[in-house]
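Numbering (my numbering), first residue to last: 83 to 878. Below is one structure, written out as C-alpha cells; the observations come after it.
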Ligand SMILES: *Cc1c(COP(=O)(O)O)cnc(C)c1O
C-alpha cells in the first residue's frame with residue numbers, strides 16, 4: 083500500500099480529533115486502538131468495494147463458507163501485515179509517542195469459536211483472500227464470545243466475554259440487507275390456479291436477521307473478501323409493540339456461543355441458531371444472485387456453499403425451500419442445483435459429537451424444512467433400497483428412529499464430502515460414513531487442514547521471520563513451500579546457532595510474560611514442553627500429567643531430572659464437562675505444589691496459562707520446544723496446533739493420529755518423536771483391562787496412587803474420580819496402555835535436548851518442512867477439486 087509515514091501520522095491525528103475530540107496524549111489506550119483500527123479500515127475500504135464490484139462484473143463463482151464458528155484472532159496486526167503497512171504504522175506511532183505493541187493488546191480477541199474448527203474457518207478466509215479466491219464467510223455475530231476463563235482455587239470459573247462492549251471497528255452493519263427467518267407455526271402448501279404449490283405460514287415466529295460485514299484483507303493483493311455475521315432482531319413495525327420478554331426471546335438466538343467443541347448440544351436454542359444463520363445466508367445469496375442474473379439456470383455454476391461440519395447442514399433443505407417456494411423451481415431442478423452447490427467437511431469421528439435432532443423438536447421448530455427433509459428421505463429410500471437393501475439404507479437415511487441425522491443429510495445433499503487429514507478421511511469411509519461411501523464413493527475425498535504462516539510466523543514470531551528472511555529471502559511469505567531451502571542453509575553451524583538464539587529470545591520473552599502476568603519465574607534454559615488445546619479426555623492432557631507426577635516423584639526420591647522442564651498448558655473445558663474440569667483442578671493443584679516445593683528447586687515447573695485463545699497461542703507457540711500431540715490414535719481428526727508449533731521449530735511428541743502422520747511423512751523419524759498404539763492397534767485391541775496395567779506396572783501404580791494417597795495436596799474428589807476412571811472404569815482412552823511408550827518418548831526428548839546440534843537440526847528440519855501445511859495450499863485444493871472456483875494467482 084502506498085502510504086507514507088507522514089501521511090499516516092496526519093490521518094491518525096485527524097481521526098483522533100474526529101472520533102474523540104481529543105489529543106493523542108489525552109486519549110485512553112483503548113481509544114488509541116479504535117482510532118488506529120478505524121484508520122487501517124479506511125486504507126482497505128476502497129479495495130473492499132472494488133473487490134465486490136469486480137466479482138460482480140466478472141461473474142466469477144462465489145464460494146460461501148458456512149460455519150457456526152469463526153475464530154479470527156485480532157484483526158489489527160493481521161490487517162496491517164496484509165496491507166504491508168506495519169512498519170509505517172509502528173514508526174509513525176512511535177513518533178507520536180505510542181507503542182504499537184501496547185495498542186494491539188487493546189483489541190478484544192473475538193472468541194466466536196471454541197477451538198480448531200472455528201480457527202480453521204478463519205485460516206481459510208485469510209488464505210482465500212490472499213490467493214484472490216472469491217470466498218466469503220457466513221456465520222453468527224454472537225453478542226458474547228467463548229467464556230473468559232479464570233482459575234479460583236484451581237477451579238475453572240467462566241466469566242462472560244463482552245467483546246462488543248466498546249463496539250467493533252471492523253464491522254459494518256447493513257440493515258438494508260436484512261432477511262426474515264421463520265420459526266415454528268404451521269406450514270401448508272396451497273395450489274394456485276396454475277397448479278403451482280405455495281408455502282403458507284401460519285402463526286410463525288418471524289425474526290429479522292441483520293448482517294454485519296467484516297472485510298477480510300488479502301496479502302499484498304488488494305483483494306478484500308467478506309465475512310458476514312448475522313444478528314437476530316425483532317421485526318420493525320410501527321404498529322406493533324413488543325414486550326421485553328418477546329425482545330429477549332429473539333435476541334437470545336445470537337446471544338451466546340455454545341461453549342463445547344466435541345459434544346453434540348441437543349438444545350432447542352442451538353437448533354434455532356443453526357437455522358437462523360443458514361436461512362439468512364441462503365436467502366441473501368439467492369437474493370444477491372437474482373439482482374445480477376435474469377434466472378437461476380447457472381446458479382449451480384456460479385455459487386458454492388460449503389458446510390463446515392454438520393451445524394449448517396440445513397443449508398441443503400433451505401436452498402431447496404428457497405428455490406421451490408420463492409423461485410418456483412420443480413423439485414428435480416432444485417435438487418440438481420442443490421447437489422451442485424453444496425459440499426461438506428466432516429470434522430470428527432467421535433460418536434458423541436454427531437448431531438441428531440429429535441424429529442418432533444425439528445418438526446415444530448422448522449416445519450417447512452422438516453417437510454423438505456422428509457421428502458429428501460423418501461426419495462433417498464425410494465432410489466437406494468432396490469440397490470442396497472432396506473437395512474443399509476435405513477442405517478444412513480436422513481430420518482430414522484425418531485431422529486433427523488445431520489451428517490447423513492449433508493452427505494446426501496452435497497457433491498463432495500471430505501475429512502481433514504488422510505487417516506481421518508480413510509476412517510470416515512471405512513466406518514462412520516461407510517454406508518454412504520458405498521453409495522456415493524465419488525463424493526469422498528481428503529483435504530488435510532492447514533494454517534496461515536502469516537499469522538503463525540510473520541505476526542507471532544518476528545524473530546524467526548527475520549532470521550528466515552536473512553537466510554532464505556522472503557519468497558516463503560507468498561509461498562511457504564520455499565521454507566524448504568532453509569533445510570540446506572541450516573546445515574551451517576552458524577545458522578543453527580542463530581536459530582537456537584531466536585528460540586532462546588522467544589523463551590525469555592514468554593518467561594517475562596509469565597512473570598508479569600502469572601507472577602511465576604521460569605527458567606528459559608529449561609525445556610518448554612507445551613500442550614495447548616481444548617481440554618478433552620481424548621486429547622489426553624492426563625497422560626502428560628501422569629508424566630509430570632512421575633518426574634515429581636523421581637525428584638522427591640532424590641534423583642534429579644536430566645533437564646529442567648517447564649510444562650505449559652493452555653486449555654478451556656466446556657462448563658458442563660465435569661471430568662475435564664477435574665483435570666484442570668488437578669493440573670492447578672499439582673502446579674501449586676510443585677512450583678513451591680523447595681525440594682524441586684526449579685527443576686520442574688507447571689504453568690497453566692488461563693484463558694487460552696488465539697492471542698495467547700501467538701505468545702506461547704514461538705517459545706515452545708516440545709509440542710504435545712498425544713491424542714489416542716483415531717480420535718483427533720487432524721489437529722492444527724501441531725502444525726503451528728512445527729512451523730515455529732518445536733519438536734513434535736506425538737501419537738500416529740490425525741495430521742501427525744503426515745508431519746511424520748514430512749520430517750521422518752529423526753526429526754519427530756512418536757509413540758503409542760496406532761489406529762490399527764486400538765481397533766484390534768482384544769479385551770483391554772486397564773486394571774492389569776495398574777497392578778503389574780510399579781511405575782504406573784506409584785503415579786496413580788499419588789492421586790489418592792495424599793501425595794498431591796488440595797485435590798479431594800478429583801483425585802479419586804480420575805483414579806477410578808483409569809482403573810475402575812477401564813480407561814476409555816488407553817492412557818495406561820500407552821504410558822510406558824510415552825515415558826520412553828519423553829526420555830528420548832531429554833536425551834536429544836542434551837545434544838544442542840542435534841536438537842537444532844531437528845528444529846530447522848521442522849521449520850523447513852512445515853510449508854506443506856499452509857492453509858493457502860489447502861484452500862487452493864478446495865477451490866480446484868470441490869468448489870471449481872477460479873484460483874487467479876498460480877503459485878510457484
Ligand atoms: C489452533 C488452535 C486450536 C486447535 O488446536 P488443536 O491442538 O489442533 O486442537 C484451538 N484453539 C486455538 C485458540 C487455536 O489457535
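Cβ atoms here follow ideal geometry from the backbone N, Cα and C, with glycine treated the same way.
What number of angstroms, rounded off, separates the C-alpha of residue i from the C-alpha of residue j?
i: residue 830; j: residue 368; result: 57 Å
i: residue 661; j: residue 413; result: 48 Å
i: residue 250; j: residue 297; result: 12 Å
i: residue 853; j: residue 206; result: 16 Å
i: residue 554; j: residue 832; result: 30 Å
i: residue 802; j: residue 789; result: 7 Å
i: residue 877; j: residue 863; result: Annotation note: pLDDT 47 at residue 877 (below 50); position unreliable, coordinate value reported separately. Each residue's alpha carbon lies about 12 Å from the other.
i: residue 162; j: residue 170; result: 9 Å
i: residue 293; j: residue 313; result: 6 Å
i: residue 330; j: residue 549; result: 54 Å
i: residue 622; j: residue 782; result: 16 Å
i: residue 410; j: residue 448; result: 20 Å
i: residue 727; j: residue 792; result: 36 Å
i: residue 128; j: residue 211; result: 15 Å
i: residue 493; j: residue 499; result: 6 Å
Could you have a look at residue i and say whether DSSP puts it in helix, strand or coil?
i: residue 618; result: coil
i: residue 325; result: coil
i: residue 439; result: strand
i: residue 546; result: helix
i: residue 533; result: strand
i: residue 505; result: helix
i: residue 611; result: strand
i: residue 880; result: Nothing can be reported for residue 880: it is not among the residues displayed for the chain, which extend from 83 to 878.
i: residue 878; result: For residue 878, the pLDDT reaches just 42, beneath the cut-off of 50, and the residue's location in the model is therefore unreliable, although a value from the coordinates is still provided. Coil, per DSSP.
i: residue 511; result: helix
i: residue 707; result: coil
i: residue 238; result: strand
i: residue 494; result: helix
i: residue 88; result: helix
Could you give the residue range of the alpha helix (DSSP H) that holds residue i?
i: residue 174; result: 168 to 177
i: residue 628; result: 623 to 638
i: residue 519; result: 516 to 521
i: residue 403; result: 397 to 403
i: residue 453; result: 449 to 470
i: residue 558; result: 557 to 560
i: residue 859; result: 857 to 863
i: residue 281; result: It is not in any alpha helix (DSSP H) - residue 281 instead sits in the beta strand (DSSP E) that spans 279 to 284.
i: residue 787; result: 780 to 790
i: residue 564; result: Note, residue 564: premise wrong, no alpha helix (DSSP H); not H, not E.
i: residue 206; result: 198 to 213
Quick check: does the Cβ of residue i come within less than 7 Å of any heavy atom belonging to ligand 1?
i: residue 696; result: yes
i: residue 109; result: no
i: residue 616; result: yes
i: residue 116; result: no
i: residue 699; result: yes
i: residue 309; result: no
i: residue 860; result: no
i: residue 153; result: yes
i: residue 230; result: no
i: residue 201; result: yes
i: residue 198; result: yes
i: residue 722; result: yes
i: residue 557; result: no
Starting from residue i, follow the beta strand (DSSP E) in both directions and report where the run begins and ends.
i: residue 313; result: 306 to 315
i: residue 881; result: In the structure as shown, the chain begins at 83 and stops at 878. Residue 881 is therefore absent and cannot be evaluated.
i: residue 220; result: 217 to 222
i: residue 231; result: 227 to 234
i: residue 424; result: 424 to 427
i: residue 40; result: Missing from the structure shown is residue 40; the chain here goes from 83 to 878 and no further.
i: residue 386; result: 385 to 390
task: Would you list, in sequence order, the uninterrupted alpha helix (DSSP H) runs of no fewer than 4 residues that lie entirely inside the segment 744 to 771?
output: 761 to 766
message: Report the start-end ranges of each beta strand (DSSP E) in the segment 115 to 175 that is 3 residues or longer and not cut off at the edges.
response: 144 to 148
- prompt: Residue ranges of each alpha helix (DSSP H) run of no fewer than 4 residues wholly in the segment 651 to 703, ordered along the chain?
  reply: 660 to 677 and 696 to 702
Inside the segment 784 to 841 only - alpha helix (DSSP H) runs reaching at least 4 residues: 799 to 809 and 817 to 835
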